Structures are given as C-alpha cells and as structure tokens.
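Undergrad: Protein chains in written order, with our numbering: chain G, 4 to 356; chain C, 149 to 422.
We put the beta carbon where it would ideally sit given N, CA and C, even for glycine.
No experiment lies behind these values; they were computed from the predicted model shown.
Would you mind keeping the following structure in view while I ask a few things?
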Amino acid sequence: MASLTLHGLTKSYGDVAVVKSVSLEVRDGEFLVLLGPSGCGKTTTLRMIAGFVPPSGGSICIGDQDITSLPPWKRNAGLVFQSYALFPHMTVAQNVAFGLEMRKASRTEIVPRVAEALRLVRLDGYSERYPRQLSGGQQQRVALARALVIRPDVLLLDEPLSNLDAKLRLQVRLEIRALQQQTGLTTVMVTHDQEEALTMADRLVVMSDGAVRQLGTQSDLYERPADLFVAGFVGRSTMITGIVTASGAFRSDGGLVLTCPATALQGPATIALRPERLTLGPAAQGLDNHAPGTVSFVSYLGAMLDVHVRLNATDHVMVQIPNRSDGLTPAVGDAIEVGWPASACLVFPREAA
Amino acid sequence: MAGSMADGRLVGRVALHGIAYLTLSFILMPLVFVTWLAFFAQEIPSFPPEGYSLKWFGAIANNRNFVTGLWTSVQVAVAATAIGLALAVPASLILARRQFAGNAVMSQFLLLPLVVPGVVMGTAIYVFQIETEIATGLPILGSLGGLVAGHTLIVIPWTVRLVTASLAGLDRATEEAAQSLGANQWTTFFRVTLPAIRPGVVAGALFGFVTSFGNLEMSLFLVGPGRITLPIAILQYLEWKIDPTVAAVSVLQILLIAAAMIITDRYVKLARVV
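So, in structure tokens, the structure goes:
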C-alpha cells in the first residue's frame, strides 16, 4: 500500500491533447474519484496509471517508485473494468487465482488466499462456477476479488457500476466502499455519475476538457466550487449572468441589483445559486437580496419541491423547499417573493463555454 | 377471411418445407448414390444392381496409387493447415486490431485464393515454382514442400476468416485484466486470447483441412512423379476404369471428413462459428 502521485501527466494524440498536465496526489488508503463528463480525459488518465496508455509527458509514482515506463504487468495495480472482464473459460476460483499464479505463488498459498478473497466478496461456494453462470453483480464481485487477491499497491476502478441495474448499483457501491475501507487500499475510481462519486469518495477530482478543474472533498466542491464548470457540474445551480459593478455589487442582465460577497472581480460575471439556499414568501423580505417573481414551474420530488420562479424577462431562479402540508405550496402563476443572503451568491468570471 | 389467410399461410409453409427438402435431397443425392454404388457387386455400374459386395473396399488396399495418394493428401493437408494457422492467427490479430493504411485491402487480399479459380492458381504457382527452380537450382516442383506451399494458400482464407470472426467477439478488457494481474504479452496470449478464440481456430483448421484434402485443380499442377494426392489418384483411375472402387474410395473420403467434423463439433459448436 502506498500513495499515488501524478505529476504533469499529459496525453496527446497528434495535435489533440486529451489529458493536459494532470498533477495530483492520492494519499495512502484514500478513495479518490475522477469525475467528469464523457470525453474529459478521466478514463485516459486511469489507463495511463494502469499502463495501457503511454503518457506523452509527466510521471506516475507509486510511493517513491517511478512507474511511468513500466509495462502494466509490472505495476502491481488491481484493475476492475466496466465490463467485468472475467476470463470466460476459467472458473471463478481460476479467475481469482490467475494473478497469484503470475506471481509464481505455490499451490498451498494460492488455495487459501483465493478462498479468503471470495469470502471477502461473499462468494464462497461459487468457486467452481463459470462467469456466465453468475449475475452481473456477482461477476463484478469476482472481478473485485481477482483484483484484491494480489494485494495491489493501488486499486483502479473504471466505471465499475455502470453495467449494473439501478438497485444493484446502490448495493455494490456500498460493498466496494466497505471493502476499500476494510483493506485500506489506495483507490482511484473513474465515473461520470455524480451521486456515485459523492457517496464513495474521500476526495474528488472534477475534470473537464483534459484538465483538473478542482480537487477537494464533497463540501469543497459543493460549497466552494473553484469555477463555473464545477458549480454547474457538481450539484444543481441556477445561473444569473450580469456584471460586477463594484466589489460586492452585481447587476444582472435583466436589471436586478444584487449584493454578493466582496470580490476582486470586475466586469462580466455569472452568479451561481444553490436552490436550497433560496427562500420563498414573506420571509424573503429580510434577506440581503430579494425580488418579486412569478412561479413558472413546480416539480414535485416527494420530500422536496423544486419551484422555478421567473424574476424578469431574462432572470429566473430555482428554489428547493421542503414539502410540508402546513407550509405554502406555490402554484404556477402565483406572484411570490424570492430572497437569498449575499453569502449564497457564488460569483465567477463569465466563461466562454 | 381469417380462414383463407390461415390457408395461405399453410400453403406457404408447405411450399417452404417442400423446397427445403428438395434442396437437401439435391445436395445429398450424389453422396447417397456414390455410397450405394460402392457396394454394387458388378464391375460396370448399372441398374438394378446384380448383388452387393464389399470387395471394392478391399481393392483400394491393393491399389498403390490410392494408398500413397491418401497418405500424401493427409500429409499435405495436415502440414498446410498447421502452417496456415501459424500464419493466420498473427495475421488476424494484426488485421483486427491495428489501424494501418491498407488494412482493408490486406483483409480482402488474404481471402483472394477463395475467388481465384484453382486452375489459375495452379498455373501461376506452377510457373512460379519452375522459375524459382531455374533461378535457385533447388528441386521445388513436384516436391512435398512445393505441394504444401500451394495448399497453404488455399487454407489461409478459411483460417483468417474464422479466426478474425472469433476475435471480433473477444472482450479486449480481458486481456488488459490479465496484464494488470501480472501476465506479460505472451502469457496473456496463451492463457487468455488463444482460449477465447479457440472455436475460430479449430473451425478454421477443420475447413482448411477439408479444402486442402479435397483439392484437385491446383494439385494437378504441383504433383510430381510418384507423388500424387488422393483426388488425383481417383481422377487417374477414372481415366481407365469405372468400377465401384472409385465409389468406395469416395465413401472413405466422405467418412474421414464427416468424422473430422463430428469430432470437432464435440469440442467446438461449429454452428456457432460458421
């Protein structure tokens, strides 16, 4: 077990850079998730760590050993694939034993270690089955056992849950997390599923367009997003575009004058608002920012309601309120007051994208 | 209305079955007649048979041409299939996985021996072997090696085609999984890739073997004195005689190929590959 360090890791195909100088450290025993939309370079980054894609630049270190130029079979990384990638002609036990055989372990060592690994993923008793006789969830657990049994330095998970159905996904998600904590393995997982990322990770890396946008904990990303992309990608936000007229003062394109946290930023900007920070009704009057609006859409989410409020021709906001029978239930067309504190405004420079 | 529609469907089904059985019997007829003929007692085949006998099977063993022809054919087919596979597996791997200029052209090129008439191939190889023999002084034409070289060409389309097809169904992540578990490229190939494409390899070998074993037109150009294949031995025999010995030889040939297919099918479901 060890830490994993990427330094200036880059991959280009011809003129196209798919990974642009990614530097990050995965701490010993940490569960790090690479999160981003498809095509953001997260999978290429993982495949460089695994050794299947030679980097165009930069380095990869496990502990203090530089593995950048080692072939995959000398890296001691446990890999779990989206497609499970079990060997179809081998039994479950043979699949799990494969990595130990490659390490020239003796028969007397292999048998108990395979049994232990299968017990860990609760598949003891399945050792003589073939992969095709197992469900998707069971196959993924075999794949996990196969990766864990070699006691890898790092565990790499490539969208391990996306082939499972929704219910199973929740279960396997918890199992993977529990196993990772139990074994204390340094782990990197790639996913495009935000909820999956937020529930499993110790820390997350948001990537887009081949570059790291932000590295941090769940609350870092949600409460202190580094840029507009992260604010839009992690959690939900409504955006109000306008310009910063003075430090702490903002005027929207629709003419709203808002108070926001003091900022050095000047000129064109965008404010991101988390829907649960907004207040509806008379209570809005006492907040730093408030404006009258019209309810344009209400979406019923069970415990919560999403209320979309149009403030003027260009500006609208989404407000999330608890669904209580005693509280107010806005209807489409209602005139309503919306308010939020200055601290709820996340101000970013306007981006070209 | 409903009744007439059901009637129409019934007629259609009967017609379909009728045509299917007709086609099947058309395919099987020569096999049935040849087999029947092999047991006729009289020397000149005529109907009705005057009696039945096994003597023609005994006659095969006394004919040197048939015995050596069978042996040569087996040797050539085994060698050509083995070489064909050894070339086809790496070729298929590269064709299926590497993007390079001329990839598609190369794929088609390797199937060419299926399209070129045997006589044309035979002539071409014959001329090539003569020229090579003149240039190098090596005894190529009429040698076992020369024959095997020609047959390898007609085996390759089958092996390449079937191995490529089975590679398409292989999840490459399994190979990466093997490598991440510590297997180098060679070990990965032998422990993961080869077992996964085994059905294609076996089927390719079988079809290659059968193609080589039954080839007549090309072999005619490549055989030499004292070295003929079974189909040529049959042809030569037919030039002088038409007694049922030829039918008996054909029965043996049919049995040999049928046995090969049945044994193969036990290990690899041929219907799934072809």
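State buried or exposed for Asp156/G, treating a residue as buried only when at least 16 other CB atoms are found within 10 Å of its CB.
TA: Residue mapping note: residue 156/G aligns to position 153 of the first sequence, counting from 1. Buried, because 16 or more other Cβ atoms sit within 10 Å of the Cβ of Asp156/G.
Undergrad: Span of the alpha helix (DSSP H) holding Thr229/C?
TA: Start at 1 with the first residue of the second sequence, and residue 229/C comes out as number 81. That run of the alpha helix (DSSP H) goes 212-245.
Undergrad: Does the CB of Leu82/G have a neighbour CB from chain C at under 8 Å?
TA: For the purposes of this step, residue 82/G is identified with residue 79 of the first sequence, where counting begins at 1. Yes, its Cβ sits closer than 8 Å to a Cβ of chain C.
Undergrad: Tell me which residue opens and which closes the alpha helix (DSSP H) that His293/G is part of.
TA: Here the question's residue 293/G lines up with position 290 in the first sequence. Looking at the DSSP string, His293/G is not in any alpha helix (DSSP H); the run it does join, the beta strand (DSSP E), is 292-303.
Undergrad: Whose Cβ in chain C lies nearer than 9 Å to the Cβ of His195/G?
TA: What you label residue 195/G is simply residue 192 of the first sequence in a count that begins at 1. Neighbours of His195/G on chain C: none; closest Cβ ~18 Å, over 9 Å.
Undergrad: What is the DSSP secondary structure of Arg78/G, counted as helix, strand or coil?
TA: By 1-based counting over the first sequence, the position of residue 78/G is 75. In the structure shown, Arg78/G sits in coil (DSSP, three-state: anything other than H, G, I, E or B).
Undergrad: Select from Leu103/G, Leu182/G, Gly257/G the residue whose C-alpha is nearest the C-alpha of Leu160/G.
TA: On the first sequence, position 157 is the one that residue 160/G refers to. For the residues Leu103/G, Leu182/G, Gly257/G, the minimum Cα distance to Leu160/G belongs to Leu182/G.
Undergrad: What are the boundary residues of the alpha helix (DSSP H) that Gly290/C is part of?
TA: The sequence position of residue 290/C within the second sequence is 142, counting from 1. Taken as a continuous stretch (DSSP letters only), Gly290/C belongs to no alpha helix (DSSP H), as it is neither H nor E.
Undergrad: According to DSSP, which residues form a beta bridge with Asp161/G?
TA: Within the first sequence, numbered from 1, the residue matching residue 161/G stands at position 158. Looking at the DSSP output, Asp161/G sits in a beta bridge with Val193/G.
Undergrad: What is the residue span of the alpha helix (DSSP H) that Lys170/G lies within?
TA: As a working note, residue 170/G is residue 167 in the first sequence. First-last of the alpha helix (DSSP H) with Lys170/G: 169-186.
Undergrad: Can you check which of these residues, Arg110/G, Ser346/G, Asp256/G, Leu188/G, is closest to Gly81/G by C-alpha distance?
TA: Sequence index remark: in the first sequence, residue 81/G carries index 78 (1-based). Of the candidates Arg110/G, Ser346/G, Asp256/G, Leu188/G, the residue whose Cα lies closest to the Cα of Gly81/G is Leu188/G.
Undergrad: Indicate whether at least one CB of chain G lies closer than 8 Å to the CB of Asp319/C.
TA: For this step, residue 319/C is matched to residue 171 along the second sequence. By this cut-off, Asp319/C is an interface position.
Undergrad: Which chain G residues sit within Cβ distance under 7 Å of Gly266/C?
TA: As a first step, residue 266/C must be located in the second sequence, where it is residue number 118. Result: empty, since nearest Cβ-Cβ is about 38 Å, beyond 7 Å.
Undergrad: Distance check for Val237/G and Ala356/G, CA to CA, integer angstroms please.
TA: Taking the first residue of the first sequence as 1, we reach residue 356/G at position 353. Taking the first residue of the first sequence as 1, we reach residue 237/G at position 234. For Ala356/G, the predicted structure reports a pLDDT of 45, less than 50, and the residue's modelled location is therefore unreliable. A value from the coordinates is still provided. Going by the C-alpha atoms only, they are around 17 Å apart.
Undergrad: Looking only at its own chain, which residues have a Cβ that is under 8 Å from the Cβ of Ile402/C, when we skip the five neighbours before and after it?
TA: For this step, residue 402/C is matched to residue 254 along the second sequence. Setting aside the 5 residues that flank it on each side, Ile402/C is surrounded in the same chain by Leu179, Val182, Thr183, each with a C-beta closer than 8 Å to its C-beta; the list follows chain order.
Undergrad: Measuring CB to CB, does Ile63/G end up less than 8 Å from Thr71/G?
TA: The residue given as residue 63/G occupies position 60 in the first sequence. The residue given as residue 71/G occupies position 68 in the first sequence. Contact flag set, yes.
Undergrad: Any idea if Tyr87/G is buried or exposed, counting beta-carbon neighbours within 10 angstroms, 16 or more meaning buried?
TA: Your numbering for residue 87/G matches position 84 in the first sequence. Flag for Tyr87/G reads buried.
Undergrad: Within the chosen definition, does the segment 329-338 of chain G reach the segment 255-264 of chain G through at least 3 CB pairs nearer than 8 Å?
TA: By the criterion of at least three beta-carbon pairs nearer than 8 Å, the segment 329-338 of chain G is not in contact with the segment 255-264 of chain G.
Undergrad: Taking all protein chains shown into account, decide if Gly39/G is buried (16 or more other Cβ within 10 angstroms of its Cβ) or exposed.
TA: Locating residue 39/G in the first sequence gives position 36, counting from the first residue. Gly39/G comes out buried.
Undergrad: Quick one: does Phe236/G have its CB under 8 Å from some CB of chain C?
TA: Residue 236/G sits at position 233 when you count from the first residue of the first sequence. Output row for Phe236/G: interface = no.
Undergrad: Would you mind working out which of Leu259/C, Val399/C, Leu164/C, Ile242/C sits nearest Phe356/C, comparing C-alpha positions?
TA: Your numbering for residue 356/C matches position 208 in the second sequence. Here the sequence assigns Gly to residue 356/C, which means Phe is not the residue at that position. Restricting attention to Leu259/C, Val399/C, Leu164/C, Ile242/C, the CA atom closest to the CA of Gly356/C is found in Leu259/C.
Undergrad: Excluding the 5 residues flanking Val29/G on each side, which residues of the same chain have their C-beta closer than 7 Å to its C-beta?
TA: Indexing the first sequence from 1 puts residue 29/G at position 26. These residues qualify, in order along the chain: Ser6, Leu7, Leu35, Thr189, Val191.
Undergrad: So, does the CB of Val475/C fall closer than 8 Å to a CB anywhere in chain G?
TA: No answer is possible for residue 475/C: it lies beyond the span of chain C, which begins at 149 and ends at 422.
Undergrad: Do you know whose CA, among Ala316/G, Asn98/G, Val124/G, Ala267/G, lies nearest Ala331/C's CA?
TA: Within the second sequence, the letter at position 183 stands for residue 331/C. Closest by alpha carbon: Asn98/G.
Undergrad: Going along the chain, which residues of its own chain have a beta-carbon closer than 6 Å to the beta-carbon of Val21/G, five neighbours each way excluded?
TA: Along the first sequence, read from residue 1 onward, the residue named residue 21/G stands at position 18. Around Val21/G: Lys14, Gly44, Thr47, Gly213.
Undergrad: Comparing alpha-carbon positions, which option in Ser299/G, Val301/G, His92/G lies nearest Phe338/C?
TA: What you label residue 338/C is simply residue 190 of the second sequence in a count that begins at 1. Comparing Cα positions, the closest option is His92/G.
Undergrad: Specify the secondary structure class of Thr111/G as computed by DSSP and reduced to three states.
TA: Working through the first sequence from its first residue, we reach residue 111/G at position 108. Helix at Thr111/G.
Undergrad: Within the segment 332-403 of chain C, note down every full alpha helix (DSSP H) run reaching 4 residues or more, in order along the chain.
TA: 333-336, 342-362, 365-370, 378-388
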